[in-house]
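Colleague: Residue numbers for the sequence shown follow UniProt numbering, beginning at 1 and rising by one. Heads up, the beta-carbon is just placed ideally off N, CA and C, and yes, glycines get one too. Just so we're clear, the structure is a prediction, and the values are computed from it rather than from any experiment.
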Amino acid sequence: MDLVWDVVDQGRRAAVDLLHGQQIDHSSSFSPDVPEDLRNWLPDLFDRFPITLPWEKPRPVDPALHNVWILDNTAFRTPAPGDHRPELAELRDINVTKPKMTSVPGQTTREVQPGSGGWEVEFVAAYFIKNSGKALAHATASLIKQLNVDDNDEATKKRISTRLEAFVDSVLPNRTLRISIDNKEEQTLSPSSYSGLSSDLLELHFTPSAPQIQSNAPTLPPPFGLPSTTIFAEEQGWAIISDIDDTIKITQTTSPIGILESTFTVETPQPVPGMPELYAHIQRVLTLAPTNPTSPQQPNPPPFFYLSASPYNLYPFLRHFRTAHYPPGTIILRDASWQNLGGLIASLQQNTQVYKADRMRKIHSWLPHRKFICLGDSTQSDPEAYGELARRYPGWIRAVFIRRVEGIALMDAKVKNAEGRFERAFEGLERGLWHVFTDPGELAERVERLARDENARVGGE
Numbered sequence: 001m002d003l004v005w006d007v008v009d010q011g012r013r014a015a016v017d018l019l020h021g022q023q024i025d026h027s028s029s030f031s032p033d034v035p036e037d038l039r040n041w042l043p044d045l046f047d048r049f050p051i052t053l054p055w056e057k058p059r060p061v062d063p064a065l066h067n068v069w070i071l072d073n074t075a076f077r078t079p080a081p082g083d084h085r086p087e088l089a090e091l092r093d094i095n096v097t098k099p100k101m102t103s104v105p106g107q108t109t110r111e112v113q114p115g116s117g118g119w120e121v122e123f124v125a126a127y128f129i130k131n132s133g134k135a136l137a138h139a140t141a142s143l144i145k146q147l148n149v150d151d152n153d154e155a156t157k158k159r160i161s162t163r164l165e166a167f168v169d170s171v172l173p174n175r176t177l178r179i180s181i182d183n184k185e186e187q188t189l190s191p192s193s194y195s196g197l198s199s200d201l202l203e204l205h206f207t208p209s210a211p212q213i214q215s216n217a218p219t220l221p222p223p224f225g226l227p228s229t230t231i232f233a234e235e236q237g238w239a240i241i242s243d244i245d246d247t248i249k250i251t252q253t254t255s256p257i258g259i260l261e262s263t264f265t266v267e268t269p270q271p272v273p274g275m276p277e278l279y280a281h282i283q284r285v286l287t288l289a290p291t292n293p294t295s296p297q298q299p300n301p302p303p304f305f306y307l308s309a310s311p312y313n314l315y316p317f318l319r320h321f322r323t324a325h326y327p328p329g330t331i332i333l334r335d336a337s338w339q340n341l342g343g344l345i346a347s348l349q350q351n352t353q354v355y356k357a358d359r360m361r362k363i364h365s366w367l368p369h370r371k372f373i374c375l376g377d378s379t380q381s382d383p384e385a386y387g388e389l390a391r392r393y394p395g396w397i398r399a400v401f402i403r404r405v406e407g408i409a410l411m412d413a414k415v416k417n418a419e420g421r422f423e424r425a426f427e428g429l430e431r432g433l434w435h436v437f438t439d440p441g442e443l444a445e446r447v448e449r450l451a452r453d454e455n456a457r458v459g460g461e
């Protein structure tokens, strides 16, 4: 019987690859390939991609059958005339079909014109079919065995099963979602891709009621719909880009088994000591930093972007961690078109520099006039990615702080932490731009100095 089901699964996978392989790859351009050595011992997830007939028309999400996460995001000002942003223009070209907008009764909306001071924001949503992961029990049993979980440890086994759901449940292509934005207007997101994601650059047709607003799908209350928080970022000021694993969250591993343990068995992930205090300090100092010498100073909180190579299936897990320890902000995660759990490990190991550099170019298209501080660590390619963007956009990145990580099995610390490695990563940039640290406490004064230097510069204009 197992042989029969294996043949059925293989046939189903072949059908999905034949019908939708190119579309899935196109909609998940940064999803890594899963190496054969990982496929050999990690569970397959053949049910992740349903078979969709090419002639099927987009349909709305069904609250009885589907789950949708609307990811947190950051709104930016519509560029003024003459503020040419080619990369933003490319994003707008992708969003050629404008979502249908309606106002909420009693609210006034307006059309947004370039340079009018309006707001734009990218809404990303992930779509799933509820309880559709036929392989959940098998995948859970496989991980329990691979991680040597004690048979009597029911709590850990349940935790593994719960966190695996987002990896095993089928994604939902070709569906639309109606969202309510700050209870002021509703817009319909474009149909989800073959990889179960939608991305829409939307214009907002109202004045926000607060620095942060909520958006949700009225037909999908929690836990079936995960609402979104939008943070509004003005043109000028400071901003932060931060890695997650081993920069602000303890992972301390690069081995496949270690990654699986830290993802699925750890009850409560722990922050890197000193980093929550540092980020709170950064937020306080930069919120009050001056931005415009001709107008009275108003608090201007720096938006935080948490950029990770982890797959988007971990979004609720990482969002809960961020909420518990760090300032609110946009969490940017990687595409996931693989059909084997080894994709989780491959996401953290393959082409992370290319992926992160691409995501930072998008952030630059939103906020090219902000001054960015970038924080990362030495375990992967954060130095190289930050160095690449600092050379590409001179003056945009004002400081890079790299945490020196040691004591990780299977990581050659002498190579990863070598001074020559950092010099190559930041070649052509001023030496004062980047700093490698061990104790987060040593960065507090550096951030204060950045703010003072900018204060002196702005005051002298």
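1) Select from L278, A385, H369 the residue whose C-alpha is nearest the C-alpha of V447.
2) Can you have a look at I94 and say buried or exposed, based on whether 16 or more other CB atoms are within 10 angstroms of its CB?
3) Just the Cα atoms here: how many angstroms apart are R404 and L450?
4) In whole angstroms, give me the CA-to-CA distance for T140 and L341.
5) Could you pull the DSSP bridge partners for P271 from this structure?
6) Less than 7 Å between the beta carbons of I397 and F426, yes or no?
7) Could you check the C-alpha separation between P290 and R178 for me, to the nearest Å?
8) Which same chain residues end up closer than 7 Å to H20 when comparing Cβ atoms and leaving out the 5 residues on each side of it in sequence?
9) Would you mind sorting K98 into buried or exposed? The rule is 16 or more other CB atoms within 10 Å of its CB.
10) Can you find the residues in the same chain that come closer than 6 Å, C-beta to C-beta, to M275, ignoring five residues on each side of it along the sequence?
11) Given this structure, state the Cα-to-Cα distance separating S262 from E122, to the nearest angstrom.
12) Rounded to whole angstroms, what is the Cα-Cα separation between F232 and A75?
13) Where does W434 sit, in a helix, a strand or coil, going by DSSP?
14) Output the distance between the C-alpha atoms of E120 and P328, rounded to the nearest integer angstrom.
15) Within this structure, are the beta carbons of M411 and L389 separated by less than 7 Å?
16) When you compare the segment 166–175 with the segment 80–93, are there three or more beta-carbon pairs, one atom per stretch, that lie closer than 8 Å?
17) Give me, in chain order, the residues of the same chain whose beta-carbon lies closer than 6 Å to that of T251; leave out the 5 immediate sequence neighbours on both sides.
18) Could you tell me which uninterrupted alpha helix (DSSP H) segments, each at least 4 residues in length, are contained entirely in the segment 334–416, listed from first to last along the chain?
19) Mind listing, in chain order, the continuous beta strand (DSSP E) runs of no fewer than 3 residues lying wholly within the segment 158–187?
20) Compare the Cα-Cα distances from R392 to each of P368, Q380, V415, S378 and report the closest residue.
21) Taking the C-alpha atoms as reference points, what is the distance between residue 490 and T254?
22) Is the segment 67–74 touching the segment 319–336 in the sense that three or more CB pairs, one from each, lie closer than 8 Å?
23) With Y312 as the anchor, note down where its alpha helix (DSSP H) starts and where it stops.
24) Just reading off the beta strand (DSSP E) that T229 is part of, what are its end residues?
25) Just to confirm the assignment, what range does the alpha helix (DSSP H) spanning residue 468 have?
26) Does the beta-carbon distance from C374 to Y355 come in below 7 Å?
27) Short check: CB of S347 to CB of A309, under 7 Å?
28) Check Q212 in the structure and name its three-state DSSP category.
29) Please report the distance separating the alpha-carbon of L42 from that of H84.
30) Could you tell me if K416 is buried or exposed, where buried requires 16 or more neighbouring beta carbons within 10 angstroms of its beta carbon?
31) Going by the DSSP bridge assignment, what does D62 pair with across the sheet?
32) For T74, which three-state DSSP category applies?
33) Assuming I240 is part of the beta strand (DSSP E), what are its boundary residues?
34) Whose C-beta lies closer than 7 Å to the C-beta of S365 among residues of the same chain, with five residues either side of it excluded?
35) Would you call the segment 210–220 and the segment 126–143 in contact, with 3 or more CB pairs under 8 Å?
Modeller: On the basis of the supplied data:
1) When each option's Cα is compared against that of V447, the closest is L278.
2) Under this definition I94 is an exposed residue.
3) In a straight line, the C-alpha of R404 is about 21 Å away from that of L450.
4) T140 and L341: Cα-Cα distance of roughly 11 Å.
5) Bridge partners of P271: K249.
6) No, they are not a contact pair.
7) Computed Cα separation, rounded: 39 Å.
8) At H20 the pLDDT is 49, less than 50, meaning the model places this residue with poor confidence and gives no usable figure here.
9) Confidence in K98 is poor, its pLDDT being 48 and thus under 50, which makes the residue's placement too unreliable to answer from.
10) The answer, listed in chain order, is I248, P440.
11) Taking the straight line joining both Cα atoms gives about 30 Å.
12) If you take the alpha carbons of F232 and A75, they lie about 5 Å apart.
13) If DSSP states are grouped into helix, strand and coil, W434 belongs with the strands.
14) Each residue's alpha carbon lies about 19 Å from the other.
15) Contact check for M411 against L389 fails: the beta carbons are separated by 7 Å or more.
16) Verdict: no, contact absent.
17) D245, S262.
18) Residue ranges of uninterrupted alpha helix (DSSP H) with 4 or more members, entirely inside the segment 334–416 and ordered along the chain, are 342–349, 352–366, 382–392, 413–416.
19) The qualifying runs are 175–181.
20) Selection P368, Q380, V415, S378 evaluated against R392 yields P368 as nearest (Cα-Cα).
21) Outside the shown range of the chain (1 to 461) lies residue 490, about which nothing can therefore be said.
22) Two segments are said to touch when three or more pairs of C-beta atoms, one from each, lie closer than 8 Å; by this definition the segment 319–336 touches the segment 67–74.
23) Element bounds for Y312: n/a, residue is neither H nor E.
24) From DSSP, the beta strand (DSSP E) with T229 extends over 228–233.
25) Since the first residue of the chain shown is 1 and the last is 461, residue 468 is not available in this structure.
26) Pairing C374 with Y355 gives a Cβ-Cβ distance that is not under 7 Å.
27) Yes, the pair counts as a contact, with Cβ atoms nearer than the cut-off.
28) Three-state DSSP puts Q212 in a strand.
29) C-alpha separation (whole angstroms): 47 Å.
30) Buried, because 16 or more other Cβ atoms sit within 10 Å of the Cβ of K416.
31) Looking at the DSSP assignment, D62 forms no beta bridge with any residue, so it has no partner.
32) The three-state secondary structure of T74, taken from DSSP, is strand.
33) For I240, the enclosing beta strand (DSSP E) begins and ends at 238–242.
34) Excluding positions up to five away in sequence, the list reads R85, E87, L88, L91.
35) Contact between the segment 210–220 and the segment 126–143 is absent, with fewer than three C-beta pairs closer than 8 Å.
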